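Chains as they are written, first to last, in my numbering: chain Y, 1 to 201; chain S, 1 to 299.
No residue lacks a Cβ here, since even glycine has one placed at the ideal position from N, Cα and C.
Since this is a predicted model, take the numbers as computed values, not measurements.
For reference, the structure is listed below as structure tokens.
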Amino acid sequence: MSGDSETHDIRPGIGGHLTAITARLRRITVQVHGSSASAGSGVIWTSNGLIVTNAHVARGRAGVVLPGGRALEARGLAWDPEHDLAALAIDADGLSAADVGDSDGLRVGDLVVAVGNPLGLTGAVTAGVIHAIGPRRLAGPSFIQADLRLAPGNSGGPLADARGRVIGINAMIAGGLALALPSNVVARFVASLRQGAAPVS
Amino acid sequence: MSVLLSLSNDLAGAVERVRGAVVAVNARPRLPSTGVHWRPGIIVTADHTVRSDEDITIVAADGRTLAASLVGRDPGTDLAVLRVQDTDLPLADLGDPGSLKVGHIVLAVGHGPRASWGVVSALGGRWRTWRGGEIDQLVRLDLTLYPGFSGGPLVDVQGRVVGINTSGLSRQLELAIPVSTMARVADELIDKGHVSRGFLGVGLQPARLPEAFRRRLDGASEIGLIVVNVQPDGPAAKAGLLLGDVLVTLDGAPVGTTEDVQAVVGARRVGSTVTATILRAGAPAEMSITVGERPPRRR
């Protein structure tokens, strides 16, 4: 209408990009209800129904609720107790799957976004930065440590970078920090399933 | 490239730029704190994290452990200065804390590196800490200071150090000491080993002034400060202040709390004079007190 509208900057600002990333992450995040009545999150790893979550959330049969609300029974495929990872399978196809990134490329200070179901609230998003990279203790898996506010229920959900690529699976909260399994570790676990070489099947 | 990705790159870049000047400080049992390499061989850290005067070491960004000596400390501003022999550590790139605005994104960085992000939550003017130190600007942060982060740098998105983070100046708030204060205090610590603070050498107790006393004074003060202790040979003793005198004004300003007194005296140059209005046995009098130097705290 007015001449002004042509000069408006139509690139979305930070808020717009964060909203877009959140929407994409919600499409690949599921609710997982494990056998011990624990509720957490999970990530749709492949379009034909492979779900990755934390072993402490579920590792055998579990109830999965897809982003649209559809509830399905999932069967446990395998789990890795050392890395607190579990793979579940649901009978569904054509699902939106996670766009997985390279966790080795993360730097301290990089923005990260987590989506999950903290305290029963579905699809909640929180943003922060990478706090530290490297082993937290001399022994034990290398976690991504993020300056991020998670709550129980975020476990098993995705941690994404500023491009919206999944670079981790949120595993726990310790000392105010969010600890996540790096996506490269998850990828190795998923690859081992195909070879039938998963730690526990 | 999206602005989000651009911000992520800026933040990671800021950490990368500052990390060379960020050291871990081992000056207390168990939990190291953080320090900033400010001038060649000079590390600034948070005073409350320095528990021992000896056997202090620092860990540089490259992992080397170096011996450090305590140059001076100022509990008033929660700053301490250490000296290391090795001067080829990278120096911090300082920014201008005056350019900070509420809402600016900032990072707290620790040795490792480790980082925490947030925004400048509030800014205020010159303020006095609970230990009598004067800080040029109140910088309140909305970010998490993780264990050991005190003494470390507050960094802007360009990687410049604009303050020293500390949890030691307030029980609830995360605060930063602007680099302008840091430089002033550190210079004095290097020069003298301590920070000179004006003091009077009196113990004071607030008391409500009875109507009869108030009528004797021009001012409308309802509260005065009873002198309950006079330090022998202190500035007040030398001026003739006696136990039982009631201090009512200092340099014309009514004083009702010890903070009021510190506000006037603490910032005064040692050797300058303050005029005190007192009530002695109910009768008003004026005295001139020469401000003395607060003796350094002995640990």
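Just how far apart, CA to CA, sit residue i and residue j?
{"i": "serine 103/Y", "j": "serine 183/Y", "result": "6 Å"}
{"i": "leucine 82/S", "j": "arginine 160/S", "result": "21 Å"}
{"i": "proline 158/Y", "j": "threonine 53/Y", "result": "9 Å"}
{"i": "threonine 45/S", "j": "proline 75/S", "result": "12 Å"}
{"i": "leucine 181/Y", "j": "serine 142/Y", "result": "7 Å"}
{"i": "isoleucine 173/Y", "j": "leucine 85/Y", "result": "16 Å"}
{"i": "aspartate 142/S", "j": "glycine 63/S", "result": "30 Å"}
{"i": "leucine 72/Y", "j": "histidine 17/Y", "result": "31 Å"}
{"i": "glycine 148/S", "j": "leucine 193/Y", "result": "41 Å"}
{"i": "aspartate 53/S", "j": "glycine 193/S", "result": "13 Å"}
{"i": "glycine 68/Y", "j": "leucine 77/Y", "result": "24 Å"}
{"i": "aspartate 260/S", "j": "glycine 133/S", "result": "14 Å"}
{"i": "valine 291/S", "j": "arginine 215/S", "result": "29 Å"}
{"i": "arginine 171/S", "j": "threonine 129/S", "result": "12 Å"}
{"i": "arginine 149/Y", "j": "glycine 176/Y", "result": "7 Å"}
{"i": "glutamate 16/S", "j": "threonine 273/S", "result": "50 Å"}
{"i": "valine 120/S", "j": "alanine 176/S", "result": "10 Å"}
{"i": "tryptophan 117/S", "j": "valine 157/S", "result": "10 Å"}
{"i": "alanine 87/Y", "j": "valine 106/S", "result": "39 Å"}
{"i": "alanine 168/S", "j": "isoleucine 289/S", "result": "Per the sequence shown, the amino acid found at residue 168/S is glycine instead of alanine. When rounded, the distance between both Cα atoms is 33 Å."}
{"i": "proline 178/S", "j": "aspartate 47/S", "result": "15 Å"}
{"i": "leucine 243/S", "j": "alanine 178/Y", "result": "59 Å"}
{"i": "leucine 100/S", "j": "valine 71/S", "result": "30 Å"}
{"i": "alanine 139/Y", "j": "proline 206/S", "result": "In this predicted model, alanine 139/Y has a pLDDT of only 46, less than 50, meaning its place in the structure is not dependable; the value taken from the coordinates is given anyway. The straight-line gap from Cα to Cα measures roughly 59 Å."}
Is the Cβ of residue i closer than 8 Å to any Cβ of chain S?
{"i": "aspartate 102/Y", "result": "no"}
{"i": "leucine 138/Y", "result": "Model confidence at leucine 138/Y stands at a pLDDT of 44, short of 50, so the residue's coordinates are unreliable and nothing is read from them."}
{"i": "valine 125/Y", "result": "no"}
{"i": "leucine 72/Y", "result": "no"}
{"i": "alanine 132/Y", "result": "yes"}
{"i": "glycine 176/Y", "result": "yes"}
{"i": "arginine 165/Y", "result": "no"}
{"i": "aspartate 147/Y", "result": "yes"}
{"i": "alanine 162/Y", "result": "yes"}
{"i": "leucine 18/Y", "result": "yes"}
{"i": "leucine 111/Y", "result": "yes"}
{"i": "isoleucine 169/Y", "result": "no"}
{"i": "serine 192/Y", "result": "no"}
{"i": "isoleucine 14/Y", "result": "yes"}
{"i": "valine 115/Y", "result": "no"}
{"i": "arginine 24/Y", "result": "no"}
{"i": "arginine 75/Y", "result": "no"}
{"i": "arginine 107/Y", "result": "yes"}
Would residue i and residue j qualify as a contact pair, given that the criterion is a beta-carbon distance under 8 Å?
{"i": "glycine 40/Y", "j": "glycine 164/Y", "result": "no"}
{"i": "leucine 204/S", "j": "isoleucine 223/S", "result": "no"}
{"i": "alanine 12/S", "j": "aspartate 110/Y", "result": "yes"}
{"i": "isoleucine 130/Y", "j": "leucine 106/Y", "result": "yes"}
{"i": "arginine 131/S", "j": "glycine 198/S", "result": "no"}
{"i": "valine 113/Y", "j": "valine 100/Y", "result": "no"}
{"i": "alanine 276/S", "j": "leucine 247/S", "result": "yes"}
{"i": "leucine 145/S", "j": "glycine 124/S", "result": "no"}
{"i": "tryptophan 79/Y", "j": "arginine 61/Y", "result": "no"}
{"i": "alanine 186/S", "j": "leucine 79/S", "result": "yes"}
{"i": "serine 150/S", "j": "threonine 166/S", "result": "yes"}
{"i": "aspartate 147/Y", "j": "alanine 14/S", "result": "no"}
{"i": "leucine 189/S", "j": "proline 235/S", "result": "no"}
{"i": "aspartate 233/S", "j": "isoleucine 278/S", "result": "no"}
{"i": "valine 65/Y", "j": "isoleucine 51/Y", "result": "no"}
{"i": "isoleucine 144/Y", "j": "serine 96/Y", "result": "no"}
{"i": "threonine 49/S", "j": "valine 18/S", "result": "no"}
Using a beta-carbon distance below 8 Å, is residue i in contact with chain Y?
{"i": "serine 2/S", "result": "yes"}
{"i": "alanine 115/S", "result": "yes"}
{"i": "proline 61/S", "result": "Note on identity: in this sequence residue 61/S is alanine, with proline being the wrong assignment. Judged by the 8 Å Cβ criterion, alanine 61/S is not in contact with chain Y."}
{"i": "valine 15/S", "result": "yes"}
{"i": "threonine 65/S", "result": "no"}
{"i": "glycine 132/S", "result": "no"}
{"i": "alanine 12/S", "result": "yes"}
{"i": "leucine 154/S", "result": "no"}
{"i": "glycine 107/S", "result": "The residue asked about is misnamed: residue 107/S is leucine in this sequence, not glycine. Output row for leucine 107/S: interface = yes."}
{"i": "serine 8/S", "result": "yes"}
{"i": "threonine 49/S", "result": "no"}
Contact defined as beta carbons within less than 8 Å: I believe residue i pairs with residue j. What is the distance between those atoms, to the nearest angstrom?
{"i": "valine 23/S", "j": "glycine 35/S", "result": "5 Å"}
{"i": "valine 202/S", "j": "glutamine 231/S", "result": "7 Å"}
{"i": "isoleucine 44/Y", "j": "alanine 127/Y", "result": "Their Cβ separation, rounded to whole angstroms, is 21 Å, which puts isoleucine 44/Y and alanine 127/Y out of contact at 8 Å."}
{"i": "valine 166/Y", "j": "arginine 26/Y", "result": "With a Cβ gap of about 12 Å, valine 166/Y and arginine 26/Y do not count as contacting."}
{"i": "isoleucine 56/S", "j": "alanine 27/S", "result": "5 Å"}
{"i": "alanine 122/S", "j": "leucine 154/S", "result": "Contact doesn't hold; Cβ gap of about 14 Å is too wide."}
{"i": "valine 3/S", "j": "isoleucine 14/Y", "result": "5 Å"}
{"i": "lysine 212/S", "j": "methionine 287/S", "result": "Per the sequence shown, the amino acid found at residue 212/S is alanine instead of lysine. Between methionine 287/S and alanine 212/S the Cβ distance is about 22 Å, and since that is not below 8 Å, they are no contact."}
Unbroken stretches of the alpha helix (DSSP H), 4 residues or longer, contained in the stretch 215 to 268 of chain S:
235 to 239 and 258 to 265
Write down every uninterrupted run of the beta strand (DSSP E) in the stretch 79 to 163 of chain Y whose length is 3 residues or greater and which is fully enclosed by it, in chain order. 85 to 89, 111 to 116, 124 to 133, 144 to 147 and 158 to 160
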